[in-house]
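Asks: This is the structure I have questions about; it appears just below.
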Amino acid sequence: MTVTTLRPLSLAAVALSAALGSAALSAPASAAGEMEKCFGISAAGKNDCATATSSCAGTSKVDRQGDAFVAVPKGTCTKISGGSLEPKK
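Sequence positions in the sequence shown follow the working numbering and run 545 to 633.
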């Protein structure tokens, strides 16, 4: 193959990679809209984000910590034993 044949193929490969990459990045954003925070159900160290008593994800100290949450599909939190849409005190 010559340089003139490789250049269009390279450009096509770059364009395809960019298109697939942006599609993959947009999927979690749309999925996030279908999720809700569910408090009081996470295992120790498995929470999704900071709480009133811990600084970041994965730092809850006990199982079912009332102010620690995990993201679950909308409509399922209240069906889980101990699940709450609001932080527990």
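No residue lacks a Cβ here, since even glycine has one placed at the ideal position from N, Cα and C.
Under a CB-based cut-off of 9 Å, is Thr603 close to chain C?
Replies: The structure shown contains no chain C; it holds only a single protein chain.
Asks: Looking at the unbroken beta strand (DSSP E) that takes in Ala615, where does it start and where does it end?
Replies: 613-617 is the extent of the beta strand (DSSP E) around Ala615.
Asks: So the candidates are Lys605, Lys618, Phe613; which of them puts its Cα closest to the Cα of Glu580?
Replies: Comparing Cα-Cα distances from Glu580 to each of Lys605, Lys618, Phe613, the minimum goes to Lys618.
Asks: In its own chain, which residues sit with a C-beta less than 7 Å from the C-beta of Ile585, not counting the 5 before and 5 after it?
Replies: Only Arg608, Val614, Ile624, Gly626, Gly627 meet the Cβ criterion.
Asks: Counting C-beta neighbours from all protein chains within 10 Å, is the total for Ala596 16 or more, i.e. buried, or is it exposed?
Replies: By the neighbour-count rule (16 or more Cβ atoms within 10 Å), Ala596 is not buried but exposed.
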